[in-house]
Each structure stands twice: as C-alpha cells, then as structure tokens.
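Chemist: Start counting at 1 in the sequence shown, then tack on 5, and there's your number in this note's numbering. I am attaching a structure below and will ask some questions about it afterwards.
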Amino acid sequence: MRTHLIYLFVLLFIGCSKKETPQVEITSNVITLNPSGYSPLSANIQLTTSIPVKVSVVVLGKNGSATNVTKDFDVVSTTQQIPILGLYPDFNNTVEVILKDASGSDLLQKNYTIKTNPLPDGLFPAISIITNVTGQASTGMTFVSYFGYKSQPVPQSPFAFDNFGDVRWYLDFSSHATLKNLFYDDGFDRLQNGNLYFGDTNTATIYEVDMWGYVVNTWPLTGYNFHHNVQEKPNGNFLVTASKLGSSTVEDFILEIDRTSKQIITTWDLKQSLQYGRQTLTTDGTDWIHVNAVIPDPSDNTIIISGRTQGLVKLDYSNNVVWIMGCHRGWGTSGNNVDLTQLLLQPLDHNGTSITNPDVLDGSVNASDFEWNWYQHAPILLPNGHVMLFDNGGDNRNFSGYGQYSRAVEFEINATNKTVKQIWEYGKELGSATFSHIVSNV
6 MRTHLIYLFV LLFIGCSKKE TPQVEITSNV ITLNPSGYSP LSANIQLTTS IPVKVSVVVL
66 GKNGSATNVT KDFDVVSTTQ QIPILGLYPD FNNTVEVILK DASGSDLLQK NYTIKTNPLP
126 DGLFPAISII TNVTGQASTG MTFVSYFGYK SQPVPQSPFA FDNFGDVRWY LDFSSHATLK
186 NLFYDDGFDR LQNGNLYFGD TNTATIYEVD MWGYVVNTWP LTGYNFHHNV QEKPNGNFLV
246 TASKLGSSTV EDFILEIDRT SKQIITTWDL KQSLQYGRQT LTTDGTDWIH VNAVIPDPSD
306 NTIIISGRTQ GLVKLDYSNN VVWIMGCHRG WGTSGNNVDL TQLLLQPLDH NGTSITNPDV
366 LDGSVNASDF EWNWYQHAPI LLPNGHVMLF DNGGDNRNFS GYGQYSRAVE FEINATNKTV
426 KQIWEYGKEL GSATFSHIVS NV
C-alpha cells in the first residue's frame with residue numbers, strides 16, 4: 006500500500022509540473038506591398054494573434070540560405086507590424102513568419118507569398134557577377150549610389166543587390182512631393198543609427214530617410230547650395246561640400262552643421278586656404294576646385310577634402326592647410342598668403358626612399374611604384390590610418406590629354422614628415438573597361 010501511494014504521488018507531481026506549449030492562432034493578417042510608395046521591393050505584414058508573441062521573418066533567397074534576408078523582432082504583443090525588406094522584383098516571394106513566445110521558443114510558422122512588380126525599364130544597369138567566391142565575399146547586400154540613368158536623370162535612385170547580382174531593394178522618389186527631382190550627386194550613405202542620408206542639389210537640403218524612403222529629418226543649407234557630398238562626424242554633426250549663394254565661384258566651401266540645432270557652426274572658404282588662381286588641371290575660373298568630398302579625421306581633429314582639379318588636402322578647423330597631395334606643378338601662395346609649396350607631400354618609393362625625379366614630382370610621368378591622384382573622388386580613412394580613394398584619371402592624366410584608366414588606390418601619409426607612399430592599387434590593368442571620367446567610389 007505504501008509503495009502504491011508513493012507511485013501515485015510521483016505521477017501526480019509529474020503531471021502537475023509538465024509545462025504545456027501555449028497554442029497561438031493568427032486571427033487576422035493584412036499584406037501591403039510598398040507601404041511608403043517609395044520602396045517597391047518592400048512590404049508590411051500586419052498580424053493579430055490570440056496570445057502575445059514576438060516575430061522572426063525570413064525572405065527566402067533564390068540561391069540558398071546565403072541569399073535569405075532574416076530579421077528578429079523583440080516586441081511581444083498580440084498586434085504586430087512586420088516590415089519586410091529584400092524582396093525580388095517580378096517574383097512570387099516566399100516570406101516565412103515565425104511566431105515565438107517571450108523566451109524565444111517557436112510556436113507557429115506561417116508562409117506568405119508576396120508578388121512584386123518588375124523593375125522599371127531602363128532605370129538600373131545590367132548586373133553580372135563575374136566572380137563569386139563563396140566564403141570570401143562580404144555577407145549582405147551591395148548598396149549602390151547610382152548616378153547613371155537610361156530613361157530619366159532625376160530622381161536618382163539608390164539600389165542594393167545580393168552576391169548573385171539580383172536587385173533586392175531600391176528607392177524611387179518619382180511620386181514624392183519634395184524629392185521627385187532628387188539629385189544627390191555622389192550619393193547616399195548610412196548614419197550611425199542605421200538610416201540613410203544624402204544631400205539634394207535641387208532643394209539645398211540634407212535628408213535623413215529610412216529604408217522605406219520615409220523622410221525622418223532635414224537640414225536646410227541656408228545661404229548655400231549642396232554639391233556632391235555630406236559626411237556624418239563621430240559626434241553626429243554633418244560636414245558638407247557646398248557653393249555659397251551670390252559668390253562668383255562655385256563648389257569651394259565646406260560647412261559643418263550642428264545635428265541638433267541645424268545651424269552652420271563652421272565654415273571653410275577654400276579660396277582663402279588654397280590657391281584660387283592655380284590652373285594646372287583646369288582653366289575654369291568659376292569652378293576652380295570642384296570640391297567633391299570631405300571626411301573627418303578624428304585622430305587630429307582635421308578634415309580631408311577632395312578638390313577634383315586641385316588634389317587631396319588636409320585642413321584644420323581654422324582653415325589652415327596641413328598637407329596637399331597632388332602633382333607639384335603650379336603651386337604657389339594661398340589666398341591667406343601661405344606658401345603652399347612647403348605643404349606638398351613628398352612621394353616615396355616602396356622602400357621608403359624619396360622620389361626625386363622632377364618629372365614624377367611634376368606629374369608628367371609615373372614612377373614604377375608611385376603615381377599621383379588625378380581628378381579623384383571619394384577618399385576614405387582605413388582602420389590603419391591610410392587613405393584610400395578613387396583615382397579617376399579624368400581627361401588629363403599625366404597631362405596627356407586623356408584619361409586612360411581609373412584606379413582604386415591606397416596611400417600611406419606621414420603628416421609630420423610630409424611624405425606619401427603608394428601601398429596598393431587596382432584598376433590600371435583593366436584600362437578603359439573601368440575608366441570613369443566623373444564621380445564613382447571605392
């Protein structure tokens with residue numbers, strides 16, 4: 006009898022302690038394609054459920070799990086607004102929605118089919134993946150600040166494609182009241198908060214938008230117009246390349262905009278710090294420098310600017326030149342009466358020895374392991390402190406009268422010794438196939 010009582014107690018204990026998995030039902034679901042009207046390869050799924058859940062979604066890729074787009078959402082609720090990104094155009098996309106309890110255990114999976122429209126004819130270039138080395142290519146999408154167009158010049162449309170060349174996201178502002186004539190020039194970038202930002206020449210404004218194209222914030226360039234490039238500083242402020250309204254010259258100002266107050270707090274007038282009259286690479290007295298990029302260098306609280314027809318220049322916050330990287334021909338005195346020849350970087354060969362050939366310094370010829378930047382764009386600071394940029398070649402590399410080729414090139418700069426050493430390059434061997442006369446990036 007005692008044995009039977011113990012056995013019965015154990016059965017009761019097990020039965021009472023067993024935790025049953027809660028049951029969940031989807032009580033309603035509504036799918037909206039392109040909810041913003043500006044992101045055609047996006048959707049929104051609105052769900053209501055019988056019990057509070059959190060959600061994970063997977064957009065199934067055409068080429069295996071490496072092309073899946075996944076996202077986990079932490080909100081636990083009976084009502085879910087599920088944003089979907091990464092759909093294929095002109096395709097019946099399968100989207101897995103996994104409902105989970107608060108601890109993350111799966112409760113239910115529901116698959117949805119979302120049919121999308123084809124890409125607009127002539128809006129984007131054809132994309133061919135020549136080499137896709139599994140395990141070596143970066144994961145995720147490649148974002149493109151597309152400048153080219155076939156059917157219409159504006160609005161410009163950024164897009165993203167996966168490692169198999171399939172377009173999976175783009176923005177189309179053609180129906181937007183303000184951005185229907187968007188001209189972002191050098192393109193868009195991502196903020197530290199994950200949103201996108203860009204400048205617009207036609208509205209003289211900096212915009213922050215989300216991945217669906219909703220405008221989150223704006224910063225007007227009062228008294229100036231936007232040209233080419235805006236960069237977020239580590240403190241959140243913006244550096245902007247600009248033209249001053251009413252000036253007899255263009256594209257020769259840098260602005261710093263306070264992110265919170267939206268006020269211009271620092272101004273660099275490049276006619277003062279550089280040599281307005283230098284006509285080595287251009288004879289245009291109005292667009293004499295064509296500044297196309299600015300980046301902050303937090304290591305010494307300076308900025309680096311790219312003047313398409315003058316070179317790469319580092320400036321401090323008092324508009325003083327720290328160094329100039331470019332061919333040595335034609336340099337003299339700045340607008341504020343500084344001898345700029347003393348601030349030119351001295352090129353080094355791969356052994357670290359100074360290159361003294363006057364024709365190399367002048368830019369007429371190249372050394373075997375060094376050549377100057379010509380009509381460059383898009384400088385970036387690498388983690389090791391080196392500078393990488395897109396060396397266009399323009400229409401007058403080595404004063405030859407034509408461009409020949411473009412390069413991605415990495416330089417090591419010693420600001421103290423005023424030296425520059427070429428570390429790496431790619432593109433020269435491809436010749437005209439990858440020559441880009443204007444803009445471009447690396």
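For glycine and all other residues, C-beta sits at the position ideal for the given N, C-alpha and C.
In the DSSP assignment, what residue or residues form a beta bridge with N419?
Modeler: Paired residue(s): T424.
Chemist: Comparing alpha-carbon positions, which option in D289, N324 and E256 lies nearest H295?
Modeler: Closest option to H295, Cα to Cα, is E256.
Chemist: Name the DSSP beta bridge partners of V74, please?
Modeler: Answer by DSSP bridge pairing, in chain order: V64.
Chemist: Alpha carbon to alpha carbon, what distance is there between F193 and V149?
Modeler: About 9 Å.
Chemist: Flag this pair as touching only if the segment 335 to 347 and the segment 381 to 390 have three or more C-beta atom pairs under 8 Å; answer yes or no.
Modeler: Short answer: they don't touch.
Chemist: So the beta strand (DSSP E) P225 belongs to, where does it begin and stop?
Modeler: From DSSP, the beta strand (DSSP E) with P225 extends over V220 to P225.
Chemist: Report yes or no: do the segment 91 to 100 and the segment 120 to 140 share at least 3 C-beta pairs separated by less than 8 Å?
Modeler: Output reads yes: the segment 120 to 140 touches the segment 91 to 100.
Chemist: When burial is assigned at 16 or more other CB atoms within 10 Å of the CB, is R173 buried or exposed?
Modeler: That one is buried.
Chemist: Starting from the C-beta of T147, find all residues in its chain whose C-beta is less than 6 Å away, skip the five residues before and the five after it, and write them out in chain order.
Modeler: Excluding sequence neighbours, T147 sits near F166.
Chemist: Could you pull the start and end residues of the beta strand (DSSP E) that P301 belongs to?
Modeler: Segment V296 to D302, the beta strand (DSSP E) holding P301.
Chemist: Roughly how many angstroms separate the alpha carbons of D305 and I31, rounded to a whole number?
Modeler: In a straight line, the C-alpha of D305 is about 57 Å away from that of I31.
Chemist: Return the chain-ordered list of same chain residues with a C-beta closer than 7 Å to the C-beta of S41, the five sequence neighbours on each side being excluded.
Modeler: Cβ neighbours of S41 beyond the five flanking positions: W217, G218 and Y219.
Chemist: Quick one: is T421 buried, meaning 16 or more other Cβ sit within 10 Å of its Cβ, or exposed?
Modeler: Burial call: exposed.
Chemist: Rounded to whole angstroms, what's the CA-CA distance from S55 to V159? Just pull it up for me.
Modeler: The straight-line gap from Cα to Cα measures roughly 47 Å.
Chemist: Mind checking who D344 pairs with in its DSSP beta bridge?
Modeler: D344 is bridged to T338.
Chemist: For N242, which option in H233, Q268 and L366 has the closest C-alpha, if you only look at C-alpha atoms?
Modeler: Minimum Cα distance to N242 is reached at Q268.
Chemist: Hey, does T136 have any beta-carbon neighbour from chain D nearer than 9 Å?
Modeler: Among the chains in the structure shown there is no chain D, since it carries only a single protein chain.
Chemist: Does the separation of the CB atoms of Q236 and P301 fall below 9 Å?
Modeler: For Q236 and P301, yes; Cβs fall inside 9 Å.
Chemist: For the segment 50 to 68 and the segment 103 to 115, state whether three or more C-beta atom pairs, one from each stretch, are separated by less than 8 Å.
Modeler: Yes, the segment 50 to 68 touches the segment 103 to 115.
Chemist: So L435 and Y410 are supposed to be a Cβ contact under 8 Å. How far apart are they, rounded?
Modeler: Confirmed, about 7 Å.
Chemist: Does the beta-carbon distance from S373 to D354 come in below 9 Å?
Modeler: In this structure, D354 lies closer than 9 Å to S373 by Cβ.
Chemist: Could you tell me whether the Cβ atoms of S179 and Q197 are closer together than 9 Å?
Modeler: Cβ distance not < 9 Å, so S179 and Q197 don't count as in contact.
Chemist: Below 6 Å CB to CB, which residues in the same chain sit around L366 once its five sequence neighbours on both sides are set aside?
Modeler: Result list for L366: H333, in chain order.
Chemist: What residue from V64, H181, D396 and I134 has the CA that sits closest to E101's CA?
Modeler: Closest option to E101, Cα to Cα, is V64.
Chemist: When you compare the segment 376 to 385 with the segment 307 to 315, are there three or more beta-carbon pairs, one atom per stretch, that lie closer than 8 Å?
Modeler: At 8 Å Cβ cutoff, the stretches touch.
Chemist: With which residues is T272 paired in a DSSP beta bridge?
Modeler: Bridge partners of T272: L260.
Chemist: DSSP on S278, reduced to helix/strand/coil?
Modeler: In this structure, S278 counts as helix in the three-state DSSP scheme.
Chemist: Who are the Cβ neighbours of P239 in its own chain at under 6 Å, not counting the five residues just before and after it?
Modeler: Excluding residues within five positions, the ones whose Cβ falls inside 6 Å are P303.
Chemist: For L387, report the span of its beta strand (DSSP E) as first-last.
Modeler: Segment: none, L387 is in no beta strand (DSSP E) and carries neither H nor E.
Chemist: Verify whether the separation of the beta carbon atoms of D111 and P27 is less than 9 Å.
Modeler: The answer is no: Cβ separation not under 9 Å.
Chemist: Can you tell me which of the three DSSP states D194 falls into?
Modeler: Strand.
Chemist: Output needed for Y431: all residues of its chain with C-beta closer than 7 Å, excluding positions within five of it in sequence on either side, in chain order.
Modeler: Cβ neighbours of Y431 beyond the five flanking positions: R412 and A413.
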